[in-house]
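Step one of this worksheet: look at the structure below.
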Amino acid sequence: MDAGPHPNPAKAADGKRLKRLEAHPVHSLVVKWIFAQYIKQQGRGLLDIAEELTRQGIPCPSASDPVRNPHRNQLAWSKSAVRTIVGNPRYTGREIWNKQRKDEVLIDVDDVALGHTTKMRWNDRSDWIWSEYKVHDALISTEDFERAQQLRQSRARGSYSKKGNPTSRPYVFRGCLHCGYCTRKMQGNWNNQQAYYRCRFPAEYAMVNEIAHPKVVYLREAEILGEVDGWLATAFTPDRIASVIDMMAAKMTDPDAQRAADLRKQQTRCDRKLIQYRAALDAGADPAEVTGWINDVKQERARLEREAKATPRGSGISREEIADMLERTGDLAQLAINADPEDKADLYQKLGLTMTYYPQKHEVEARVIPEPPHVRSVRVRGATRPDSTWPAHSPLVAPYHILVGA
């Protein structure tokens, strides 16, 4: 809501005004309830609170504001959403600064020419800067917030001490396998000395969101590992690479090059008009009128030249660059096939391997969708963006289907 004129004279002169947060009549009650449940004696855990909110039919934050959260799961409350609320100091009415910082890191430490990208990282809580006074409506007291943070730390330490040092398990499809019911990533689970992947979806989540999702979906890693490696071993043979190059080259578009070509055509039309107008002037046309025409065309041509200079040079990906990327992807595939289980997960992720398990069809669909090649990268406001002409979410090879548990 509006909080009056901006204290900076320059910004105030531009018409900018101060803004302050205003408590939502419904959402604020949910936040207060969450804190009350969390910090009370024998308080509830984050997951328990999330499941209770879902059971009551209260929309999760991303579902309450889908316009600002199109990238987030809007099915139900999650443990992470409750954790974020419990850790948000702005509910105390204070403004907080310096919570995060921007770090410039190399895209590839082995190829510094690719440039840098910007990473947002959290500062230590001791480095946060709190406003001296409350600047908006407080939903909880500072004491309750600090109590919640102490509980978070003590519970984290307590759960760790009970479990001891956790054993590292090599889940080779970590981050690559998704549930076909809800599209969420499946989590690793070690059972009977074997690696499994599961998607836990409480009944109240499925009921509220009208999804026919079993409470738990399981998939044994050994059922698909050999099939995936066998597919990757044959997916990047020379004949298949040649066909993929033709397919990807046909999909390449370069909007910058197209825009530059359109500007050149408009400049050519302006040149033709100038020739025609000068010819009309030589033929005895009214000098005042023709001079006005010529000045208008000159101004238009000057504008087109400025726009042409500001248009980035064409950054299309050539067939050679596509071939090089495919060759590197094929090399990664061979490395992943022959790697130790501890290294397979990282190599699969670098390869762009993504899989979806459809239990109802007893099928796993595998795809290879690598990151776009970082060619002719352009720095934008301190960050480096990859070439924008690469087709988004384009698999390099046809999807592979694996039958499991049939």
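Sequential numbering from 595 applies to the sequence shown in my numbering.
Note that beta-carbon positions come from the ideal geometry of N, C-alpha and C, so glycine has one too.
Source: prediction; values computed, not measured.
Give a yes or no on whether the C-beta atoms belonging to Pro993 and Glu957 are separated by under 8 Å. Cβ atoms of Pro993 and Glu957: not closer than 8 Å.
Looking at the secondary structure, which residues open and close the beta strand (DSSP E) in which Ile996 lies? First-last of the beta strand (DSSP E) with Ile996: Tyr994 to Leu997.
Take Leu700 and list the residues in its own chain whose beta-carbon comes closer than 7 Å to its own, dropping the five residues that flank it on each side. Closer than 7 Å at the Cβ level, and outside the excluded window around Leu700, lie Val706 and His710.
With distances taken Cα to Cα, identify the nearest neighbour of Phe795 among Asn602, Arg649, Gln893 and Ala904. Minimum Cα distance to Phe795 is reached at Arg649.
Within 10 angstroms of its Cβ, does His730 collect 16 or more other Cβ (buried), or is it exposed? The Cβ neighbour count for His730, taken over all protein chains shown within 10 Å, is at least 16; the residue is labelled buried.
For Ser864, name the three-state secondary structure that DSSP assigns. Sequence check: residue 864 is Cys here, not Ser. Helix at Cys864.
C-alpha gap between Ala836 and Val822, whole angstroms: Ala836 and Val822 have their C-alpha atoms roughly 22 Å apart.
Under 8 Å between C-beta atoms of Arg900 and Cys864: Cβ distance not < 8 Å, so Arg900 and Cys864 don't count as in contact.
What does the alpha-carbon distance come out to for the pair Lys610 and Val661? Near 24 Å, if we compare the C-alpha coordinates of Val661 and Lys610.
Can you list, in chain order, the residues of its chain whose CB lies under 8 Å from that of Pro881, leaving out five sequence neighbours each side? So the list reads Leu875, once near-sequence residues are dropped.
For Gln787, which of Leu997, Ala877, Arg814 and Tyr775 has the nearest alpha-carbon? The residue with the shortest Cα to Cα distance from Gln787 is Arg814.
Taking all protein chains shown into account, do 16 or more other C-beta atoms lie within 10 angstroms of the C-beta of Arg614, making it buried, or fewer, making it exposed? Around the C-beta of Arg614, fewer than 16 other C-beta atoms lie within 10 Å, and the residue is accordingly described as exposed.
Note down, in chain order, each residue of its chain lying with its Cβ closer than 6 Å to the Cβ of Asp890, except the 5 sequence neighbours on either side. Excluding the 5 residues flanking it on each side, Asp890 has no same chain C-beta neighbour closer than 6 Å.
Buried or exposed, going by whether 16 or more other CB atoms sit within 10 Å of the CB of Val810? Looking at its Cβ environment, which holds fewer than 16 other Cβ atoms inside 10 Å, Val810 is exposed.
Grouping DSSP H, G and I as helix and E and B as strand, with all else coil, what is Gln743? It is helical.
Evaluate Val974 with the Cβ neighbour count: other Cβ atoms within 10 Å of its Cβ, from every protein chain shown; 16 or more gives buried, anything less gives exposed. Bear in mind that the predicted position of Val974 carries a pLDDT of just 36, short of 50, making it unreliable; the figure below should be weighed with that in mind. Val974 is exposed by the Cβ-count criterion.
Is it buried or exposed, Gly687, if we count other Cβ atoms within 10 angstroms and call 16 or more buried? So Gly687 counts as buried.
As assigned by DSSP and simplified to three states, the class of Ile963: Correct three-state label for Ile963: coil.
With H, G and I counted as helix, E and B as strand and the rest as coil, what does DSSP make of Asn759? In this predicted model, Asn759 has a pLDDT of only 48, less than 50, meaning its place in the structure is not dependable; the value taken from the coordinates is given anyway. DSSP places Asn759 in coil when its eight states are reduced to three.
Roughly how many whole angstroms lie between the Cα atoms of Leu898 and Arg715? Arg715 has its alpha-carbon roughly 42 Å from the corresponding atom of Leu898.
Straight-line CA distance for Tyr812 to Tyr952? The C-alpha of Tyr812 lies about 11 Å from the C-alpha of Tyr952.
What is the DSSP secondary structure of Pro953, reduced to helix, strand or coil? Helix, per DSSP.
In angstroms with no decimal places, state the Cα-to-Cα distance between Ile996 and Ser658. Using only the alpha carbons, I get a separation of about 38 Å.
Restricting to Cα atoms, I'd like to know which of Leu733, Arg695 and Phe739 is closest to Asp718. Nearest to Asp718 by alpha-carbon distance, out of Leu733, Arg695 and Phe739, is Arg695.
Cβ-based burial, Leu623 [other Cβ within 10 Å; buried from 16]: Counting of Cβ neighbours within 10 angstroms places Leu623 among the exposed residues, the total staying below 16.
Assuming Ala644 contacts Val680 (C-beta within less than 8 Å), just tell me the rounded distance between them. Incorrect: roughly 11 Å between the Cβ atoms, too far for contact.
Determine the extent of the alpha helix (DSSP H) in which Val810 is found, giving its start and end residues. In this chain, Val810 is not harboured by any alpha helix (DSSP H); it is covered by the beta strand (DSSP E) spanning Val810 to Arg814.
For Leu639 and Tyr632, what's the separation of their Cα atoms in angstroms? Here residue 639 is Gly; the residue named in the question, Leu, does not match the sequence. If you take the alpha carbons of Gly639 and Tyr632, they lie about 7 Å apart.
What does Lys713 pair with, by DSSP beta-bridge criteria? According to the DSSP secondary-structure assignment, Lys713 is paired through a beta bridge with Asp697.
Answer yes or no: do Gly769 and Gln943 have a C-beta to C-beta separation smaller than 8 Å? Cβ atoms of Gly769 and Gln943: closer than 8 Å.
Check for me: the beta strand (DSSP E) holding Lys599 runs from which residue to which? One detail in the question is off: residue 599 reads as Pro in this sequence, not Lys. Here the beta strand (DSSP E) through Pro599 covers Asp596 to Pro599.
For a quick check, are the C-beta atoms of Phe767 and Pro683 less than 8 Å apart? No. Outside cutoff.
Alpha-carbon spacing of Asp833 relative to Tyr765, whole angstroms: Their Cα atoms are separated by approximately 32 Å.
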